[in-house]
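Quick notes on the structure that follows.
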Amino acid sequence: MNKVVLVTGGSRGIGRAISLAFAKSEYDIVINYKERDTSALELKREIEDKYSSRVLLVKADVSSEEQVKNMVDKIIASYGKIDCLVNNAGIAIDKEFEDRTVIDFTKTLSTNLIGPFLVSKYVGSKMVENRGGKIINISSTNGINCFFPTSIDYDASKAGVINLTHNLAIQFAPYVNVNCVAPGWVNTEMNQDLSEDFLAEEKDKIYLKRFAEPEDIAKVVLFLASDDACFINGEVIKVDGGY
Ligand code: NDP
2 MNKVVLVTGG SRGIGRAISL AFAKSEYDIV INYKERDTSA LELKREIEDK YSSRVLLVKA
62 DVSSEEQVKN MVDKIIASYG KIDCLVNNAG IAIDKEFEDR TVIDFTKTLS TNLIGPFLVS
122 KYVGSKMVEN RGGKIINISS TNGINCFFPT SIDYDASKAG VINLTHNLAI QFAPYVNVNC
182 VAPGWVNTEM NQDLSEDFLA EEKDKIYLKR FAEPEDIAKV VLFLASDDAC FINGEVIKVD
242 GGY
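Structural data, given as structure tokens:
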């Protein structure tokens with residue numbers, strides 16, 4: 002029986018690379034996403050063509066408790082278990098500090114911080130019932146050492162995800178390993194609206210002189226889900242090429 006992974010925001014960008022990496026490792030995949038049906042459907046087709054994994058698509062907003070609860074019920078009804086959860090779904094609203102509103106701030110926190118809390122709450126209880134599981138949260142170096150007042154809400158949400166990781170590792174002990182990956186800059190659509198000049202300046206600050214590819218992050222997530230990482234718990238791993 003294959004292991005089952007739920008990847009939130011698993012249809013595009015880093016989440017897409019994570020879904021593909023787990024499929025290659027013979028997991029059955031649950032791809033969660035919020036809006037873009039086409040990206041999710043294309044990825045499902047790609048995985049089913051290339052690998053033997055079963056793929057379940059679940060369209061649900063991770064910031065809605067009702068939708069999260071329904072998503073977890075649907076996964077349990079289809080697969081009976083969830084071995085690994087990757088809390089990857091996230092948004093970044095690019096706006097000057099002066100223009101940022103309470104509505105923006107709340108939306109960012111709801112998706113990036115309350116989302117992982119809700120999904121972990123409902124999935125974690127199933128993992129504890131099964132006496133095993135892995136949760137991997139995707140934070141960012143914006144929550145550690147890479148700060149921008151233009152993304153003040155995003156940076157706070159990602160620092161919150163690190164804190165959540167430590168608390169969830171205690172809450173679900175001794176059955177679930179809860180760890181966190183904090184990527185630096187990654188080549189995805191999330192950064193597509195930033196200016197060329199700014200991106201070039203940031204690239205120059207990275208020791209390896211390039212942004213990560215989504216696959217660079219997926220490899221670390223897959224490692225944390227593997228038995229080789231069985232004694233890593235409550236930990237944060239930066240994957241930023243040196244910055
Ligand atoms: P993308 O914008 O490329 O993809 C985001 C994914 O999240 C999509 O699948 C999207 O679904 C989904 N999503 C967004 N909001 C929700 C929601 N409320 N509920 C469910 N799914 C949702 O993002 P990235 O791949 O760049 O980022 C992935 C994660 O990595 C995020 O947490 C981000 O903060 C983090 N990160 C990214 C970095 C980067 O440089 N790109 C650097 C450090 C961390 P849909 O297609 O339906 O919109």
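First residue of the sequence shown? That's 2 in this note's numbering, and the numbers climb one at a time after it.
Just so it is clear, CB atoms sit at the ideal spot from N, CA and C, and this is done for glycine as well.
What are the partner residues of residue i, as DSSP defines its beta bridges?
i: L179; result: Correcting the residue identity first, residue 179 is Val in this sequence and not Leu. I136.
i: D29; result: V5
i: K108; result: The partner list for K108 (beta bridge, DSSP) is empty, contrary to what the question assumes.
i: Y34; result: K60
i: K239; result: A183
Leaving out the 5 sequence neighbours to the left and right, which residues in its chain are closer than 7 Å to residue i when beta-carbon positions are compared?
i: R132; result: Y176
i: L169; result: S121, G125, I136 and V179
i: D217; result: V240
i: R55; result: D29
i: E203; result: W186
i: V69; result: A61, V63, L119, V120 and Y123
i: E66; result: L119
i: A160; result: G144
i: S79; result: L57
Verify the contact flag: residue i, CB atom, against every heavy atom of the ligand NDP, threshold strictly below 8 Å.
i: E36; result: yes
i: F212; result: yes
i: R46; result: no
i: V63; result: yes
i: R101; result: no
i: I145; result: no
i: Y155; result: yes
i: K159; result: yes
i: S40; result: yes
i: T189; result: yes
i: N71; result: no
i: N178; result: no
i: T107; result: no
i: N113; result: yes
i: S121; result: no
i: T142; result: yes
i: S227; result: no
i: T9; result: yes
i: P150; result: no
i: R17; result: yes
i: G14; result: yes
Can you list, in chain order, the residues of its chain with a C-beta nearer than 8 Å to that of residue i? Leave out the 5 residues immediately preceding and following it.
i: V129; result: F173, Y176 and V177
i: I207; result: G185, W186, D241, G242, G243 and Y244
i: I15; result: N89, I139, P184, V187, T189, P215, I218 and A219
i: N3; result: E27, Y28, D29, S54 and R55
Measure the CB-CB distance between residue i and residue j and report whether it falls below 9 Å.
i: D105; j: I115; result: no
i: K239; j: T142; result: yes
i: S121; j: N138; result: yes
i: G11; j: N89; result: yes
i: A41; j: P215; result: no
i: P117; j: V182; result: no
i: V8; j: V103; result: no
i: A24; j: K51; result: yes
i: L57; j: I30; result: yes
i: E190; j: R13; result: yes
i: F98; j: P150; result: yes
i: Y123; j: V73; result: yes
i: Y28; j: D100; result: no
i: A213; j: N192; result: no
Among residues of its own chain, excluding the 5 on either side of residue i, which ones have a beta-carbon nearer than 6 Å to its beta-carbon?
i: G91; result: N113
i: F148; result: D156
i: E236; result: N180
i: L110; result: S158
i: N234; result: A170 and N178
Would the beta-carbon of residue i be found less than 8 Å away from any heavy atom of the ligand NAP?
i: N33; result: As far as ligands go, the structure on display features the ligand NDP and does not contain the ligand NAP.
If you scan the region 163 to 237 from start to end, which runs of the beta strand (DSSP E) of 3 or more residues do you find wholly inside it? 177 to 184
Length at least 3, wholly inside the region 55 to 100: the beta strand (DSSP E) runs in chain order: 56 to 60 and 85 to 88
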